[in-house]
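Chemist:
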Amino acid sequence: MNPMANPLINSGAAPVATPFFFYLLAGLSIVGALLMITRRNAVHSALALILTLLSVAGLYLMLYAPFVAGVQIIVYGGGIMVLFLFVIMLVNIERVSRERQFNRMWPVGLLASCALLALFLGALEKGKSLLPDRLMQIPEASNTQGIAALLYGDAGRMGQYTFAFEIASLLLLVAILGAVIMTKKKI
Amino acid sequence: MLNELMSYLGSTVPPGIAGNQLWALIYVLVVFAGVSATVLCMNWIERKVLAHFQIRLGPMRVGPHGLLQPFADALKLLLKEDIVPAGADVAAFWIAPVLGLVAAFTVYCVIPFGPSQAVTDMNIGILFMLGVSSLGALAIVTAGWASNSHYPLMGALRSSAQIVSYEVAMGMAVVSAVLMTSLNTKGIGTLSMIGIVEAQREQGVWFLFKFFPLGVLAFAVFAIAMVAETNRAPFDLPEAESELTAGFHTEYSGLRWSFFMLAEYAAMIAVSSIAVTLWLGGWMRPFPNLLSGNFWDFVFSLFPALTFGGLAAMAFLGTTRMPPHPYFRIQKIGIGVFAVLLGLLALLLLAIAIGGRGDDVNIAGRLREGVDYVYWFLLKVAIFMYLFIWYRATWPRYRFDQLMAVGWKVMLPISLGVLILTAIVGVVVS
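Protein chains in written order, with our numbering: chain L, 1 to 187; chain U, 188 to 617.
1) Taking just the CA atoms, how far does U/G245 sit from U/K235?
2) Does L/Y161 come out as helix, strand or coil in the three-state DSSP assignment?
3) Touching or not, the segment 481-489 of chain U and the segment 308-318 of chain U, by the rule of three or more beta carbon pairs under 8 Å?
4) Does the contact criterion of 3 or more C-beta pairs under 8 Å hold for the segment 267-279 of chain U versus the segment 524-535 of chain U?
5) Tell me which same chain residues have a C-beta within less than 8 Å of the C-beta of L/A26, skipping the five on either side of it?
6) Take every Cβ of the segment 436-451 of chain U, pair it with every Cβ of the segment 374-387 of chain U, and state whether three or more of those distances are shorter than 8 Å.
7) Which stretch, first to last residue, makes up the alpha helix (DSSP H) that contains U/R248?
8) Our contact map puts U/L442 next to U/L264 with C-beta atoms below 8 Å; I'd like the distance itself, whole angstroms only.
9) Starting from U/Q589 and walking both ways along the alpha helix (DSSP H), at which residues does that stretch end?
10) Between the C-alpha atoms of U/L590 and U/F280, what's the straight-line distance to the nearest angstrom?
11) Could you please give the first and the last residue of the uninterrupted alpha helix (DSSP H) stretch that includes U/S422?
12) Give the range of the alpha helix (DSSP H) segment to which U/P473 is assigned.
13) Under 8 Å by Cβ, that's how I've got U/L395 and U/F406 pegged, so tell me the actual separation to the nearest angstrom.
14) So the candidates are U/T432, U/R584, U/V218, U/L554; which of them puts its Cα closest to the Cα of U/T293?
15) Just to confirm, is the Cβ distance from U/L237 to U/I570 under 8 Å?
16) Please identify, using Cβ separations under 8 Å, the residues of the segment 307-320 of chain U that lie next to chain L, in order along the chain.
17) For U/V200 and U/Q208, what's the separation of their Cα atoms in angstroms?
18) Output the distance between the C-alpha atoms of U/L424 and U/Y585, rounded to the nearest integer angstrom.
19) Could you name the residues of the segment 70-90 of chain L whose beta carbon sits closer than 9 Å to any beta carbon of chain U, in the order they occur along the chain?
20) Just verifying my parser: in three-state terms, what is the DSSP assignment at U/S320?
21) Within 10 Å of its beta-carbon, does U/D559 have 16 or more other beta-carbons around it, so buried, or fewer, so exposed?
22) Is the beta carbon of U/L606 less than 8 Å from the beta carbon of U/S352?
23) Assuming U/V616 contacts U/Q304 under a Cβ cut-off of 8 Å, what Cβ separation, rounded to an integer in Å, is found between them?
24) Determine the direct distance from the alpha carbon of L/I37 to that of L/F102, and round the result to whole angstroms.
25) Does DSSP put U/D559 in a helix, in a strand, or in coil?
26) Are there three or more Cβ pairs, one per stretch, closer than 8 Å when the segment 450-458 of chain U is compared with the segment 411-421 of chain U?
27) Using 8 Å for Cβ pairs, my map puts U/L325 next to L/I50. What's the rounded Cβ distance?
28) Helix, strand or coil for U/H512 per DSSP?
29) Starting from L/V91, follow the alpha helix (DSSP H) in both directions and report where the run begins and ends.
30) Give a yes or no on whether the minimum CB-CB distance between L/F188 and chain U is below 8 Å.
31) Taking the alpha-carbon of L/R95 as reference, which of L/F20, L/S129, L/A33, L/A42 has the nearest alpha-carbon?
32) Taking all protein chains shown into account, do 16 or more other C-beta atoms lie within 10 angstroms of the C-beta of L/G109, making it buried, or fewer, making it exposed?
33) Of all the residues that make up the segment 336-355 of chain U, which are near chain L by a beta-carbon distance shorter than 9 Å?
34) Does the beta-carbon of L/S29 have 16 or more other beta-carbons within 10 angstroms, so that it is buried, or is it exposed?
35) Suppose you measure from the CA of U/E556 to the CA of U/S198; what does that come to, to the nearest Å?
36) Taking the alpha helix (DSSP H) that U/F292 belongs to, which residues open and close that run?
See below:
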């Protein structure tokens, strides 16, 4: 029996994508983000950031994009945050947390975030006429395969984003090589 | 209520897929209880097996042959004073063990003990397992930092470096197995754990033996990386007791320390389950295609009863080998009762095997099938768990630079090469 061919997979009432879970996850991600910028202790900030990243992964799941959610957990939750914590732990937290904020950039930050808020509100207002009023029910399996088809092509054809995807990975490779060359005197 | 309870029994998909929340909850509780009980047993088995490897007796005092030792240990851990070091970061110190436990147990919801004996099946099953189990590294790092002590911090740093490096080789090995699932008529692979086992059944070969020796090589890389991922010997540098006292959990005591132990063993079972699912045919019994038919089904369904019957016989033998001194009478009775319990279990399994023989699809038949699936899956996992202990008794610990050299300069090139060759061979074959 191939589970993908099973009609029960997507016919079961989709119980996860309820408003309750949306508000829960959205609330958690906002609380995590606020904690991240208000904590003086960098490790606490990093832990709050993990909360935000995991809630965003949950939101991806609610959008029937399990692959994106899985990649979010692996790359951000598992990989990047471990490296963040790794670096933060080598810093002397006690001294850093006693230090006063030494730059005066908060007006710029406030301006930028107000502009972003205005952008979001504008998109919401404009989007009422452009976007469908309800969520499309996409089967999970076809979503993952759809990403693969866009990135790698389908049935012998090149995908829509194959070139961009490969260029992006090449860029990352160049960055990695650059980091190695800059830190190593002798290779 | 009863209707809903009964309606699922005829289903051939996991309760999470069928949308049956009640049965999903039952499965979650069964898996949680089962894993916790297995960790208790593993505690005793590890101490006993290690002792016999080193020509010692191991625990002998609490119960016959130390059989009640894990319960004594659990009681001690529950009652022990829970100390938070003076300079510790209390919030992070609290969160770390819980985070580790949650990360270790969450992955169990996609482990397929049988085609319908899983909590749920996800389209991204194996990706989900790798992702959530990698969150365990965060718990170790947080614990090491929150203790505000040198040895835990060193242990946490070693652990994060080790897990991040071996995850790369592990991921490549997993991808080469996932590539093999796409060699069907439709040419569509799958990341679903159940789908991977079904693909092995359709192709008539365990992925261990597929494209020999590519499958074996990928499996070997995974089998080494999974020991490093779970911080077990010979890669147990994060808790190397001769260098770092106990590594990242030096400052932990009582219940929170036991959370770390529970998480470590649960993670060991979880990675062994990944290896079994991806390369060893998951829940399938040996030779499901070659030796098919009702007769062979019946023969292989006798194995669970035989296993427990054998264990019961060994326990009975144990009663006869007890010294004839009155001091040992209670021990003799205890091990006799243990043997009777094992024997009753064997009789129950025998009754299930005989009652459910033939291919009629009734409750008895489905029960027999379910027992078979779970038995073969757990047997394969048990072999890995024994190997974990065997490694620990056999190999000395790696030095840290050796560990990094092996991870990046040996394992990663091998797994990359295997991945590329698997892709090439796959394209040529299809």
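Quick reminder that beta carbons are idealized off the backbone N, C-alpha and C, glycines included.
Modeler: Inspection of the coordinates gives the following:
1) Note on geometry: alpha-carbon atoms of U/K235 and U/G245 lie some 5 Å from one another.
2) Three-state result, L/Y161: coil.
3) As far as the Cβ criterion goes, the segment 481-489 of chain U does not touch the segment 308-318 of chain U, which means the pair count is below three.
4) At 8 Å Cβ cutoff, the stretches do not touch.
5) Non-local C-beta neighbours of L/A26 in its own chain, meaning closer than 8 Å and more than five positions away in sequence, comprise S55, L59, ordered along the chain.
6) Taking 8 Å as the limit for Cβ pairs, the verdict is that the segment 374-387 of chain U does not touch the segment 436-451 of chain U.
7) Segment: none, U/R248 is in no alpha helix (DSSP H) and carries neither H nor E.
8) The Cβ separation is near 6 Å, so the contact holds.
9) Residues 587-592.
10) Roughly 28 Å separates the two Cα atoms.
11) At residue 422 of chain U the sequence reads Phe, which differs from the Ser that was named. Segment: none, U/F422 is in no alpha helix (DSSP H) and carries neither H nor E.
12) Run containing U/P473: none; DSSP gives neither H nor E here.
13) With a Cβ gap of about 5 Å, U/L395 and U/F406 count as contacting.
14) Closest option to U/T293, Cα to Cα, is U/V218.
15) No.
16) Those residues of the segment 307-320 of chain U that come within reach of chain L (Cβ to Cβ, closer than 8 Å) are D308, M309, N310, I311, L314, F315, L317, G318, V319.
17) C-alpha separation (whole angstroms): 13 Å.
18) Separation of U/L424 and U/Y585 (C-alpha to C-alpha, rounded to the nearest whole angstrom) is 8 Å.
19) Within the segment 70-90 of chain L, the residues whose Cβ lies closer than 9 Å to some Cβ of chain U are G70, V71, Q72, I73, I74, V75, G77, G78, G79, M81, V82, L83, L85, F86, I88, M89, L90, listed in chain order.
20) Secondary structure at U/S320: helix, using DSSP grouped into helix, strand and coil.
21) It counts as buried.
22) No, these two residues do not count as a Cβ contact at 8 Å.
23) Rounded, the Cβ-Cβ distance is 32 Å, inconsistent with contact.
24) Spanning the two alpha carbons is a distance of roughly 16 Å.
25) U/D559 falls in the helix class under three-state DSSP.
26) With the cut-off at 8 Å, the segment 450-458 of chain U and the segment 411-421 of chain U touch.
27) Correct: roughly 7 Å between the Cβ atoms.
28) Here U/H512 sits in coil by DSSP.
29) Where L/V91 is concerned, there is no enclosing alpha helix (DSSP H), given that its DSSP letter is neither H nor E.
30) Chain L is shown from 1 up to 187; residue 188 of chain L falls before or after that span and cannot be answered.
31) The option with the nearest alpha carbon to L/R95 is L/A42.
32) L/G109 counts as exposed, since fewer than 16 other beta carbons sit within 10 angstroms of its beta carbon.
33) Listed in sequence order: L340, A343, L344, S347, A348, I350, V351, E354.
34) So L/S29 ends up on the buried side.
35) Cα to Cα, U/E556 sits roughly 13 Å from U/S198.
36) DSSP places U/F292 in the uninterrupted alpha helix (DSSP H) bounded by 277-293.
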